[in-house]
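Worksheet: one structure, shown below.
Residue numbers (the UniProt record's numbering): 1 to 300.
Here you go:
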């Protein structure tokens, strides 16, 4: 049976001082208590560690061997304790995050950067995913967390509101409406509106199209051939406007700008976690809440 580590640490102090009075004072215990600890340690090991007399303390051969071999063993044990504590605090392990492409310009990078900062034992893999796939992937454990725009449906998950964004429209810089700091919803509806394919993201498609529900005549909606048309030629040419959240203002392609829609409700971004959460999940939730506060993602 291994000796208790407290007595072993006391022995190492005594092995350096070779004096019970000085060792007890350095440790901060009474000398009789230290003597009792050493006798118990010797009994556990089944061999004398010290030769005592009224004037001095001398290490036995076994005592010398223990004094040399114990420090690295205790250091390894300390590292094991630190590793366990880091794991319990969610600072150790591999975190798999899936994010919708619409959150990849600002939200996902900011959260990943904050998680990595100061957590050298945490490995993070972040991959873009189709929005409807994120909540199911979190629920069945394929990924540990997700970041989605809108409150996406799905069972077996918890959603934490991470960010609110104003809704506006992307439009060509030379578009007539671009001269206004804000655009009326009815004015935007007079032009063809570029929306994401509903099959790719029904929540956001429905939320954006609902902005124009009461506008007469009904606007014309244009869906690009692919979910994320990187050319956006119709937008740059001024042929369409694209309803989008405020994050679009920070990542505009050349020739395109963003203007808020007056009176439009906010768009939300959510952190998606499983219902049954590990220390790693508690860690990402705490970091996300701190980040949202610092960056004013959830203004009153």
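All C-beta atoms, glycine included, are put in the ideal place defined by N, C-alpha and C.
Exercise for review: Quick one: grab the DSSP three-state call for residue 29.
Suggested key: coil
Check your understanding: Under three-state DSSP, which class holds residue 101?
Key -> helix
Point to revise | residue 193 vs residue 241 beta-carbon contact at 8 Å | key: yes
Review point. Which of helix, strand or coil does DSSP assign to residue 221?
Key: strand
Exercise for review: Apply the 10 Å Cβ neighbour rule to residue 205 and answer buried if 16 or more other Cβ atoms are within range, or exposed otherwise.
Suggested key: buried
Check your understanding: Within the chosen definition, does the region 123-133 reach the region 247-267 through at least 3 CB pairs nearer than 8 Å?
Key -> no
Review point. Any idea what DSSP makes of residue 165, helix, strand or coil?
Key: strand
Check your understanding: In its own chain, which residues sit with a C-beta less than 7 Å from the C-beta of residue 10, not counting the 5 before and 5 after it?
Key -> 27, 34 and 37
Practice item. Check the C-beta distance from residue 291 over to residue 114 and give it rounded, since I have them as a contact under 8 Å. Key: 5 Å
Check your understanding: Got a sec, what are the start and stop residues for the alpha helix (DSSP H) residue 288 sits in?
Key -> 279-294
**Study point:** Residue range of the unbroken beta strand (DSSP E) whose run includes residue 148
**Key:** 145-149
Practice item. Please name the residue or residues paired with residue 183 in a DSSP beta bridge. Key: 261
Exercise for review: Give the range of the alpha helix (DSSP H) segment to which residue 111 is assigned.
Suggested key: 107-116
Check your understanding: Among residues of its own chain, excluding the 5 on either side of residue 306, which ones have a beta-carbon nearer than 6 Å to its beta-carbon?
Key -> An answer regarding residue 306 cannot be provided, because it is not within the stretch 1 to 300 covered by the chain.
**Study point:** For residue 276, three-class secondary structure by DSSP
**Key:** coil
Practice item. Give the secondary structure of residue 96 by DSSP, where H, G and I count as helix, E and B as strand, and everything else as coil. Key: strand
Review point. Cβ of residue 98 within 7 Å of any heavy atom in the ligand ZN?
Key: The ligand ZN is absent from the structure shown, which contains no ligands of any kind.
Review point. Taking just the CA atoms, how far does residue 282 sit from residue 273?
Key: 9 Å
Exercise for review: Go through its chain and collect everything with a Cβ distance to residue 13's Cβ below 7 Å, but skip five positions before and after it.
Suggested key: 23, 26 and 27
Practice item. Grab me the residues of residue 182's own chain with a C-beta within less than 6 Å of its C-beta, minus the 5 sequence neighbours each way, in chain order. Key: 260 and 262
Practice item. In the DSSP assignment, find the beta strand (DSSP E) that holds residue 127 and state where it starts and stops. Key: 122-128
Point to revise | Outcome for residue 174 when other beta-carbon atoms lying within 10 angstroms are tallied against a minimum of 16 | key: exposed
**Study point:** Pick from 62, 56, 53 and 268 that is closest to residue 47, judged by C-alpha positions
**Key:** 62
Point to revise | Cβ-Cβ distance between residue 271 and residue 185 below 8 Å | key: no
Review point. Are residue 268 and residue 163 close, meaning C-beta to C-beta below 8 Å?
Key: yes
Exercise for review: Compute the Euclidean distance between the alpha carbons of residue 137 and residue 70, then round it to the nearest angstrom.
Suggested key: 48 Å
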